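According to mature numbering (1 follows the signal peptide of the UniProt record, and there is no 0), the stretch in the sequence shown is residues -24 to -1, 1 to 209, in order.
Glycine is no exception: its CB is placed at the ideal position from the N, C-alpha and C atoms.
As the structure is a prediction and not an experimental result, all values here were calculated from the model.
What follows is one structure encoded as structure tokens, with my remarks underneath.
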Amino acid sequence: MDNRLVLLTALLVTLSWMSAGTYAQSTRINRTDCGTGQLCADEPSACDPSTGGECFFLAAKKGRGNNFDFELSGQSDGYIAATLSLDGTLGNGDKTYVCANDNGDVRFFGAVYNNSQLTLSPLEVNSVKGKITGRKIQCTFTASVPVPTTRANSITVGISSGTYKSSTAALGAPKEQYKSPPVDLGNPNATVTNQLSTSTTTKPTTTNHAITIQHSLTQALLIIVGVLGLNVL
């Protein structure tokens, strides 16, 4: 049993340093399809992630089954993250997708947001791409979202940012920038507003370790952490 555990640990460490490729993407993140082809959450309201202004932005477009295509954009010296909550409260063990600025490269993390901390967790994600422009971090990915069939308007969307230490791959506690009411991710016409816009409360700052695991081009990729060096989004 001990030998198997040692082998598994060694395998995870090896996978964490697999090299990632550089991939081109012809489209840019913008709000062109908001309200028609994709659901958009943004702070400030109606901001455009394709411009140089401050804008935290998340778009969700329904694919086949429970698969959704996501576009995430925001300004941070560390990371930005998208959180999906099934109970209407952010930070109760919620799936979180993190894109960090690692010295000009995008590093992707799958995590769980719980008690003001991000804990690394394998998430079913593929087609990950990203780009760093100054303080702007942008990434796109496809993820499987477990939407309960008994209630369509069941997902609360959160956008957050935080610190990232590249030398240790440590994530700081998320600072929430956006929180939607429960919404149907598959309905691009759904009305979403930032419930944090009138709140001045911030969460305490803590740090959490991170392990790297790289991006591959499998159709259903379990990502703990992926490092992506991407030159075009």
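- Exclusion of the five residues before and after D18 leaves F33 as the residues of its chain whose Cβ lies within less than 6 Å of its Cβ.
- Nearest in C-alpha terms to C75, of all of T132, L15, L147, K38, is L147.
- Assignment of C31 by DSSP, reduced to helix, strand and coil, places it in the coil class.
- Beta-bridge annotation (DSSP): T118 is paired with D45, N102.
- Between N6 and S26, the CB-CB gap stays under 8 Å.
- Ranked by how close their Cα comes to the Cα of T72, the residues S92, N79, D78 have S92 in first place.
- Separation of G134 and G110 (C-alpha to C-alpha, rounded to the nearest whole angstrom) is 23 Å.
- Within its own chain, the residues whose Cβ lies closer than 6 Å to the Cβ of N170, once the five positions on either side in sequence are excluded, are E19, Y154, listed in chain order.
- Going by C-alpha positions, T167 is about 27 Å away from G106.
- Under DSSP, S136 shares a beta bridge with A57, E152.
- S156 and F46 have their alpha carbons spaced roughly 16 Å apart.
- In this structure, P158 lies away from Y89, with their beta-carbon atoms at least 8 Å apart.
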